[in-house]
Amino acid sequence: MSELPATPALAAALLRLRVAVDAPQHSGIAAPLDYLSERPLAPGTLLQVPLGKRELLAIVWDPAQEGDQGQVLPAEQLRQVGPALDALPPLNEAWRRLLEFAAGYYQRSIGELALSVLPPQLRELDGKQLQGRLKKLAKLRTEADASAIEASAVPELSVAQAEALQRIDTLMQTDAAPPPLLLYGVTGSGKTEVYLRAAEHALAQGRQVLVLVPEINLTPQLEARFAERFAGRHIVSLHSGLTPAQRLRHWLAAHLGEADLVLGTRLAVFASMPRLGLIAVDEEHDPSYKQQDGARYSARDLAVYRARLERVPVILGSATPSLESWQHANAGRYQRLALPARIGGGAMPRVRLFDMNSLPRNKGVTTAISAPLLHALRQRVERGEQSLVFLNRRGYAPVLHCGECNWKSDCPNCSAWRVFHKEDRTLRCHHCGVAERVPRACPSCGNLDIAPLGRGTERLEEQLAEMLQGVLRPDGGPARVARIDADSTKLKGSLESQLGAVHAGEVDVLVGTQMVTKGHDFRRITLVAAVNPDAALFSSDFRAPERLFSLLMQAAGRAGRDAAQAAQSEMWVQTWHPQHALYQALLAHDFERFAASQLAERESAGLPPFAHLALLRAEARTPEVAEAFLKAAAEAAAGLSTAAQLLVYPPVPMSMARVANVERMQMLLESASRPALQALLRAWLPELQQLKREHRGLLRWAIDVDPLAI
DNA sequence: AGCACGCCGACT
DNA sequence: GTCGGCGTGCTC
1 MSELPATPAL AAALLRLRVA VDAPQHSGIA APLDYLSERP LAPGTLLQVP LGKRELLAIV
61 WDPAQEGDQG QVLPAEQLRQ VGPALDALPP LNEAWRRLLE FAAGYYQRSI GELALSVLPP
121 QLRELDGKQL QGRLKKLAKL RTEADASAIE ASAVPELSVA QAEALQRIDT LMQTDAAPPP
181 LLLYGVTGSG KTEVYLRAAE HALAQGRQVL VLVPEINLTP QLEARFAERF AGRHIVSLHS
241 GLTPAQRLRH WLAAHLGEAD LVLGTRLAVF ASMPRLGLIA VDEEHDPSYK QQDGARYSAR
301 DLAVYRARLE RVPVILGSAT PSLESWQHAN AGRYQRLALP ARIGGGAMPR VRLFDMNSLP
361 RNKGVTTAIS APLLHALRQR VERGEQSLVF LNRRGYAPVL HCGECNWKSD CPNCSAWRVF
421 HKEDRTLRCH HCGVAERVPR ACPSCGNLDI APLGRGTERL EEQLAEMLQG VLRPDGGPAR
481 VARIDADSTK LKGSLESQLG AVHAGEVDVL VGTQMVTKGH DFRRITLVAA VNPDAALFSS
541 DFRAPERLFS LLMQAAGRAG RDAAQAAQSE MWVQTWHPQH ALYQALLAHD FERFAASQLA
601 ERESAGLPPF AHLALLRAEA RTPEVAEAFL KAAAEAAAGL STAAQLLVYP PVPMSMARVA
661 NVERMQMLLE SASRPALQAL LRAWLPELQQ LKREHRGLLR WAIDVDPLAI
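Using UniProt numbering, read the first sequence as starting at 1 and increasing by one per residue.
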């Protein structure tokens with residue numbers, strides 16, 4: 001099957017097919033390849049093809065168009081396709097257009113992207129095995145129908161919710177592509193209810209609904225909420241935490257049109273859904289929607305593109321929208337729907353800024369918890385209420401330090417400190433993973449007196465337990481402090497069990513990283529404290545303030561969701577810069593003011609959303625090699641046609657310049673015109689492939705379109 | 001990416 | 001003599 005056709009006459013008798021194969025970008029195979037087939041195969045059909053010495057899973061792509069460039073090989077030089085998986089319906093036109101756009105926009109080959117978003121297990125199945133899976137799936141389906149349960153009661157809508165829904169309904173009726181909807185409402189204002197109702201309407205019209213969430217952690221609870229409302233409907237999840245068999249099963253259910261609702265993380269934006277009728281992107285501002293390796297796509301942006309392509313409504317929901325989406329709404333390209341109040345009359349917690357400058361400075365060591373905050377924590381424990389202390393840094397201390405010779409626990413492989421983890425007495429690098437037992441004495445001078453510098457959640461938990469010793473709950477028991485972060489939840493199911501303990505009231509003071517600020521609904525928390533958030537104010541990352549504001553708003557949203565307690569709930573922020581505009585806006589819960597000031601800064605600095613960015617990154621054993629490659633790349637770019645509309649900055653080391661002994665440099669490209677930037681990247685890519693060959697010692701290069709950080 | 005081919009050092 | 005080191009280059 002995979003041999004070359006024996007004669008030119010035979011070759012001429014076969015059909016020519018374009019096939020997208022899974023070849024990585026640096027292979028130089030960007031476009032689909034030509035093969036021969038004895039019978040016609042519809043575009044979107046999965047099949048095996050020979051490539052070199054291998055047999056790969058690939059996808060029949062659309063025939064070449066008139067204007068397509070690239071040389072056409074004579075039929076005698078083409079190989080024949082292998083067996084097709086034609087038990088599976090072909091991936092439809094809309095899906096192919098989505099992939100074609102995404103591959104082009106993020107500068108990857110179609111096949112590479114397409115195969116990376118299909119369930120990995122498809123690669124291992126032949127036609128017969130696939131038929132078996134499909135049969136099993138059909139059987140499961142009939143069993144599920146028999147066990148339908150009663151749907152839960154539907155709550156009444158607030159005026160704002162009803163109005164939002166009315167607008168969505170109108171958009172669902174129209175035939176043209178509706179504008180994206182920006183659903184803007186604080187935590188607890190009932191955004192999820194709007195998704196549920198909009199989904200209900202789409203389902204009633206016989207359509208499928210796609211709901212995206214930023215993190216795997218958030219899928220189970222959202223799934224539970226949808227399952228409760230839509231009993232009897234077929235709901236599946238799609239994320240990388242599924243077993244290969246589950247992922248295939250769920251994907252097939254979506255692709256065959258059997259699943260009514262698909263809930264998932266960013267990769268679910270590529271789910272094949274033949275009856276798609278609505279897309280919702282929850283917490284649309286969340287950075288997790290941007291893929292950080294391989295094809296660096298933004299699932300939120302692709303959701304918007306997909307909705308336009310399929311002429312279905314897309315709802316972007318957030319209490320703190322991304323400045324990109326906010327600006328689109330300002331310009332009238334997105335329709336803004338505001339949910340101004342919390343459901344049930346609950347108020348947002350009162351924000352209090354605690355000025356750290358007012359503390360006596362002569363102690364030399366600053367305390368993590370100021371006396372007034374400690375007092376507030378004490379009071380909550382004594383009243384039987386819960387508190388959340390938020391510190392976005394895990395481990396015991398970020399660095400270990402020798403007071404004698406000034407040694408610090410740097411990582412031998414990275415330009416970063418190794419973090420002191422007291423629990424297992426290790427020094428661990430959070431970037432390359434290298435771990436080592438904590439030395440007894442300074443490795444440099446032998447001094448025994450080495451001390452942790454700064455603090456992470458582990459140390460904060462320890463200090464809080466100490467500070468709250470002797471404080472009693474109303475039932476006479478001692479105060480209980482617990483911690484939730486990436487270290488405490490490494491084991492499967494441990495996040496759920498720890499959250500369960502908090503919900504059950506078995507914890508009085510919860511210490512956590514941003515992990516606990518996302519989505520989890522803690523009914524009894526009346527105090528949220530951010531202990532040391534200032535670092536982001538002075539970060540070189542232009543999006544750091546936006547992220548901090550959203551994180552603090554989200555953390556504040558953890559408090560007072562129970563209306564009975566809302567009146568007395570508070571958010572404390574300990575800061576050295578209480579006058580900073582970010583904190584002043586937070587004080588007033590005023591996202592709009594914050595967004596306006598940030599947008600003004602971005603505009604004057606020529607940053608997104610007023611300019612479009614792309615990064616070229618290079619990795620090598622030495623910074624010189626990486627830099628030389630980038631400089632050559634800049635020269636090549638200058639010679640290309642759209643270069644005039646483009647600004648190419650000099651190469652600089654990445655903020656984490658060395659990871660695992662690899663030196664990393666990057667170069668920023670900026671343009672006011674997205675098409676000009678896109679055109680340049682397209683023309684640049686072949687030149688970069690050539691340059692890679694000329695620059696010995698260059699390990700890898702990559703393009704990041706619309707990077708999150710520069 | 002795989003998987004060839006290719007051209008130089010220490011082993012049965 | 002040849003086993004294998006990983007540099008270089010190709011895959012319709």
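Even for Gly, the Cβ is constructed at its ideal location relative to N, Cα and C. Note that the coordinates shown come from a computational prediction; the quantities given were computed from them, not determined experimentally.
Checklist entry - Would DSSP call Arg207 helix, strand or coil? => result coil
Next on the checklist: Just to confirm my understanding: we take Ser237, look at its own chain, exclude 5 residues before and 5 after, and list those with CB closer than 7 Å. What are they?
Outcome noted: Thr219, Glu223, His250, Leu263 and Gly264
Checklist entry - Excluding five sequence neighbours on each side, which residues of the same chain lie with their C-beta closer than 6 Å to the C-beta of Ser673? => result Cβ within range, chain order: Gln645.
Checklist entry - Between Leu242 and Gln379, what straight-line distance do the alpha-carbon atoms span, to the nearest angstrom? => result A direct Cα-Cα distance of roughly 43 Å separates Leu242 from Gln379.
Checklist entry - Does DSSP classify Asp301 as helix, strand or coil? => result helix
Item to check | Enclosing beta strand (DSSP E) for Phe354 [first to last residue] | outcome: Looking at the DSSP string, the run of the beta strand (DSSP E) that includes Phe354 is Arg350 to Asp355.
Item to check | Euclidean distance between Cα positions of Ser540 and Arg296 | outcome: For Ser540 and Arg296, the distance between alpha carbons rounds to 22 Å.
Next on the checklist: Would Gly44 and Asn92 be called neighbours here (beta carbons separated by less than 8 Å)?
Outcome noted: yes
Checklist entry - Taking the runs of the alpha helix (DSSP H) that are 4 residues or longer, which of them lie wholly in the stretch 310 to 396? => result You should have 323 to 330 and 371 to 383.
Item to check | Length-filtered (3 minimum) beta strand (DSSP E) runs lying within the stretch 145 to 185 | outcome: 181 to 185
Checklist entry - What does a CB cutoff of less than 8 Å around His234 pick up in its chain, not counting 5 residues either side in sequence? => result For His234, the CB contacts under 8 Å within the same chain, skipping 5 residues up- and downstream, are Arg141, Ala144, Ala253, Glu258, Ala259, Asp260 and Leu261 in chain order.
Next on the checklist: Quick check: the Cα distance between Ala202 and Val154, rounded to an integer number of angstroms?
Outcome noted: 17 Å
Checklist entry - Do His431 and Cys414 have their C-beta atoms within less than 8 Å of each other? => result yes
Next on the checklist: Can you tell me whether Gln48 is helix, strand or coil according to DSSP?
Outcome noted: strand
Checklist entry - Which runs of the beta strand (DSSP E), 3 residues or longer, sit entirely within the stretch 537 to 584? => result 570 to 575
Next on the checklist: Output needed for Pro313: all residues of its chain with C-beta closer than 7 Å, excluding positions within five of it in sequence on either side, in chain order.
Outcome noted: Ile168, Leu171, Met172, Pro178, Leu181, Leu278 and Ala307
Next on the checklist: Less than 8 Å between the beta carbons of Leu599 and Leu374, yes or no?
Outcome noted: Contact: no.
Item to check | Between the CA atoms of Ala84 and Ser2 - distance to the nearest angstrom | outcome: Confidence at Ser2 is low in this model, with a pLDDT of 45, below 50, so the placement of that residue is unreliable and no value is reported for it.
Checklist entry - Who are the Cβ neighbours of Pro274 in its own chain at under 7 Å, not counting the five residues just before and after it? => result Asn92 and Gly257
Item to check | Of the residues Glu228, Arg483 and Val438, the one placed nearest Lys422, counting alpha carbons only | outcome: Val438
Next on the checklist: Please report the distance separating the alpha-carbon of Ser318 from that of Leu56.
Outcome noted: 41 Å
Item to check | Cβ contact check for the stretch 393 to 409 and the stretch 452 to 467: 3 or more pairs under 8 Å | outcome: Touching, yes.
Next on the checklist: Can you tell me where the alpha helix (DSSP H) holding His520 begins and where it ends?
Outcome noted: Note, His520: premise wrong, no alpha helix (DSSP H); not H, not E.
Next on the checklist: Tell me whether the stretch 338 to 348 and the stretch 468 to 477 touch, counting them as touching only if at least three CB pairs, one residue from each stretch, are closer than 8 Å.
Outcome noted: no
Next on the checklist: Since Pro287 and Arg547 should fall inside the 8 Å C-beta cutoff, what is the C-beta to C-beta distance between them, to a whole number of angstroms?
Outcome noted: 7 Å
Item to check | Where the alpha helix (DSSP H) through Gly512 begins and ends | outcome: No alpha helix (DSSP H) holds Gly512; the beta strand (DSSP E) holding it covers Val509 to Gly512.
Checklist entry - Does the separation of the CB atoms of Ile525 and Arg480 fall below 8 Å? => result no
Checklist entry - When DSSP builds the beta bridges, which residues end up paired with Ser671? => result His612 and Leu646
Next on the checklist: Quick check: the Cα distance between Met571 and Leu353, rounded to an integer number of angstroms?
Outcome noted: 8 Å
Item to check | Pro653 - partner residues in DSSP beta bridges | outcome: Here Pro653 is bridged, per DSSP, to Met665.
Checklist entry - Closest to Ala42 by CA distance: which of Val49, Ile59 and Gln463 is it? => result Taking only the C-alpha atoms, the option nearest Ala42 is Ile59.
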